[in-house]
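Remarks on the structure that follows.
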Amino acid sequence: MKRSLGVCYYPEHWPEEIWDRDAQLMAETGLTWVRIGEFSWSRLEPQPGQFDWGWLDRAIAALGKAGLKVILGTPTATPPRWMLDKHPDMLAHGSNGEIRKFGSRRHYCFSHAAYREEARRITRLMAERYGANPIIAAWQTDNEYDCHDTAISYSTHAKHAFQDWCAQRYQSPQALNAAWGNVFWSMEYDSFDQLDLPNQTVTEPNPSHVLAFRRFSSDQVVMFNRVQCDEIRKYSDRPIIHNFMGRITAFDHYDLGADLDISSWDSYPMGFLLDRVGADETAQAHYLRQGDPDFQAFHHDLYRATSAGRWWVMEQQPGPVNWAPWNPAPLPGMPRLWAWEAFAHGAETVCYFRWRQAPFAQEQMHAGLLRPDRSPAPALAEAAQVAAELAEVPYVGTATAPVALVFDYDSAYAWESQPQGADFDYFQLVFDCYRALRRAGLSVDVVPKSVDPSAYKITFAPGLLTVPESLRGGLVVAGPRAGSKTEELTIPEGLGPDITDLSTKVTFVESLPPFAPMALDGGGAFIKWREAIETTDTVILRFEKGAPAAVRNAQMIYIAGWPDAAGWRRILEMLTEQAGLDLMDLPPDLRLRETDSHRFWFNYGPRSVTFHGMTLPAAGVLWESK
2 MKRSLGVCYY PEHWPEEIWD RDAQLMAETG LTWVRIGEFS WSRLEPQPGQ FDWGWLDRAI
62 AALGKAGLKV ILGTPTATPP RWMLDKHPDM LAHGSNGEIR KFGSRRHYCF SHAAYREEAR
122 RITRLMAERY GANPIIAAWQ TDNEYDCHDT AISYSTHAKH AFQDWCAQRY QSPQALNAAW
182 GNVFWSMEYD SFDQLDLPNQ TVTEPNPSHV LAFRRFSSDQ VVMFNRVQCD EIRKYSDRPI
242 IHNFMGRITA FDHYDLGADL DISSWDSYPM GFLLDRVGAD ETAQAHYLRQ GDPDFQAFHH
302 DLYRATSAGR WWVMEQQPGP VNWAPWNPAP LPGMPRLWAW EAFAHGAETV CYFRWRQAPF
362 AQEQMHAGLL RPDRSPAPAL AEAAQVAAEL AEVPYVGTAT APVALVFDYD SAYAWESQPQ
422 GADFDYFQLV FDCYRALRRA GLSVDVVPKS VDPSAYKITF APGLLTVPES LRGGLVVAGP
482 RAGSKTEELT IPEGLGPDIT DLSTKVTFVE SLPPFAPMAL DGGGAFIKWR EAIETTDTVI
542 LRFEKGAPAA VRNAQMIYIA GWPDAAGWRR ILEMLTEQAG LDLMDLPPDL RLRETDSHRF
602 WFNYGPRSVT FHGMTLPAAG VLWESK
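Each residue of the sequence shown is one higher than the one before, starting from 2 at the first, in my numbering.
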């Protein structure tokens, strides 16, 4: 696989006379790809039906003349102001009923059929005009679905679309009532027209209702994206990409990725550390200028699974961002490390955001490869260094990892609908498992629950709402909460976990506050969540007071709680010999990723790290042939 670098560029922000110089410097830096167009609707169509394609034609030509390849974005994340005059009811509504007003971006409701047709129209016009242009080598649909919590809308349009969705799924109000248990609190419906959205209720809404609405909302995002993919494919054979984000569970990325050729995501390690990783202040201080050592890697592995293995980083942080609570500058060497880590996880391309820092509007404090005055910013030299280094390692293939980790969006919806504990978070549960595997020096494939466990030495499946029959044929580690509910978020008649081959029943559960961990016999503890179980399966782990904490029957293992870091390590050590895995105990800042040809080491620490005779400086990267 030939790897490459790119950048995000906004020619409409800059005088046309500098476009050629920009393009030439991009090429001289070693960049190959340039993404443009995704926010440009007001310049492409200043008034309804009145178009100005000339400036975009010339921008594409200038980039192509420098030998660059263009990713052309559809501008549907930023409908112009006249669109609101044309469709005044197109705005998304928050859960509190507040209208998301014009004046920023992503203000549309996915369920607004007329706006969806407007998105189809502008996509079709762009594809007709540029689909065969040899400089256009890829497409991007929209931009960052769910950025600013915009995937879920509580508008009237969403309500009517949800009613129709429920009618299609359940066929009758009686079936819906039975599925959701609406006899409780006299919540039964006589018709689908009576069905409202699960917000602004006196107390919590029925969690089954919430789960159904989350599934519906995901389907709306997928449909919106599919409309654009369908139009592009009528006129172009170039790959279609969308840029996902970090820690987003508002829609099913596997479902959406099925319509893409390449998944990508926007990686902002330092912004994410302070904004959504969930690290404590000690970890935030230590990794302030580097980012969390596992958060980016997790998303690399996740998004590789969403579009048949092809994936990019569409936006890579080059310096301070503008949107986190605090926005420090990266440690020198980190932009290089982040790029190489993405390549080690199978990325085809890493694109920096952005070429030049904007001197105006909301993102004027967001760094680029150039400063606003067009002088080089620190990351420009690191980008050029990575471009030069790519020639040293001409091929990096993505090897199948020995361990799989299931991530399931439907389970995320379920536990967000009914957390049962203030800090029970499905993403965090899976991420904690991923971090434990990485600390043990293991490469990991993040996979959907349709995975074949026989392809891996161990498959981990924590927190799955339902456990499919197909999740057999290899060593599987499930729980907590796995198989604890039906598809409609009700307790199974025979109690959970509803998992083939297990004779274990959960009799009650406890959500644990941060000050009340439950110690395991021999070390480690359960945090946040613990299940009391009755079992005839083999007990392989107990609490200090003797109650069973984990059980096994043949190839299926069930963990009846949320392990802390030491607990995860104990579980791994128990399985290593049978699975044929060699575990490492990596220093906290050091990480390893295996490819089919190389072994890559990354030091996320602010100081040098020595391990097994190897020393990596701060922000250091080392690769060695296997």
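Beta carbons: idealized from backbone N, C-alpha and C, even for Gly.
Which residues share a DSSP beta bridge with residue i?
i: V610; result: L617
i: D446; result: A405
i: W602; result: L593 and L623
i: S512; result: W530
i: Y10; result: None; Y10 has no bridge partner.
i: L338; result: According to DSSP, L338 bridges with nothing at all.
i: W312; result: S264
i: R543; result: P549
i: N244; result: S265
i: L275; result: L275 pairs with nothing; no bridge assigned.
i: K70; result: W34
i: L573; result: None, per the DSSP bridge assignment.
i: E535; result: K506
i: M519; result: F527
i: R125; result: Answer by DSSP bridge pairing: none, since R125 is not bridged.
i: N554; result: M557
Would a C-beta distance cut-off of 8 Å place residue i and residue j closer than the cut-off?
i: A483; j: L573; result: no
i: V445; j: A402; result: yes
i: V610; j: P588; result: yes
i: V638; j: V322; result: In the structure displayed, the chain extends from 2 to 627; residue 638 sits before or after that span and is not available.
i: P515; j: F527; result: no
i: G31; j: A567; result: no
i: N134; j: I61; result: yes
i: H346; j: D302; result: yes
i: T250; j: D143; result: no
i: S265; j: Q297; result: no
i: G621; j: Q429; result: no
i: A330; j: G320; result: yes
i: R450; j: V404; result: Checking the sequence, you will find Lys at residue 450 rather than Arg. No, they are not a contact pair.
i: T141; j: N244; result: Thr is not the amino acid found at residue 141; the sequence shown has Gln there. Taking 8 Å as the Cβ cut-off, Q141 and N244 qualify as a contacting pair.
i: T199; j: F185; result: Checking the sequence shown, residue 199 turns out to be Pro, not Thr. The answer is no: Cβ separation not under 8 Å.
i: G272; j: W324; result: yes
i: R290; j: P607; result: yes
i: A415; j: K486; result: yes
i: P174; j: D197; result: no
i: Q358; j: P373; result: yes
i: L466; j: D411; result: yes
i: P270; j: G292; result: yes
State the CB to CB distance for the pair residue i and residue j, rounded to an integer number of angstroms; the pair is presumed to be in contact (CB under 8 Å).
i: I558; j: V477; result: 7 Å
i: D295; j: Y435; result: 6 Å
i: T307; j: I233; result: About 18 Å; that fails the 8 Å criterion.
i: L472; j: A462; result: 6 Å
i: A93; j: L64; result: Their Cβ separation, rounded to whole angstroms, is 34 Å, which puts A93 and L64 out of contact at 8 Å.
i: L371; j: P377; result: 6 Å
i: W42; j: S5; result: Contact flag wrong, Cβ pair sits at about 28 Å.
i: G7; j: R36; result: 7 Å
i: A550; j: L521; result: 6 Å
i: S598; j: G422; result: Not a contact, Cβ separation roughly 44 Å.
i: L69; j: A28; result: 6 Å
i: F252; j: S219; result: 4 Å
For residue i, which option in the options has the closest C-alpha, if you only look at C-alpha atoms?
i: C148; options: K160, K627 and A78; result: A78
i: L438; options: M615, R130, V222 and D586; result: D586
i: P80; options: D23, R106 and G50; result: R106
i: K546; options: D538, G524 and A555; result: G524
i: G475; options: K458, L503 and G65; result: K458
i: H108; options: R277, Q201, S156 and V447; result: S156
i: N226; options: L261, Y236, R239 and S192; result: L261
i: D86; options: Q48, T202, L503 and L69; result: Q48
i: A413; options: A405, F425, V404 and L406; result: F425
i: R170; options: V203, R216, T151 and W186; result: R216
i: R600; options: K627, I492 and G95; result: K627
i: A382; options: M335, A400 and D409; result: M335
i: D238; options: Y255, I136, F273 and M575; result: I136
i: A340; options: S112, P333 and Y353; result: Y353
i: L443; options: A325, E489 and L591; result: L591
i: V431; options: N183, D409 and H210; result: D409
i: R82; options: G98, S96 and K102; result: K102
i: L542; options: S173, G562 and H158; result: G562
i: D194; options: L257, L212, Q172 and N207; result: Q172
i: G182; options: E489, G38 and L584; result: E489
Does the count of Cβ pairs from the stretch 521-533 and the stretch 579-595 closer than 8 Å reach three? In short, these stretches do not touch, since the Cβ pair count stays below three.
Across the stretch 171-189 and the stretch 219-233, are there enough close Cβ pairs to call them in contact, namely three or more that are closer than 8 Å? Not touching, per the Cβ criterion.
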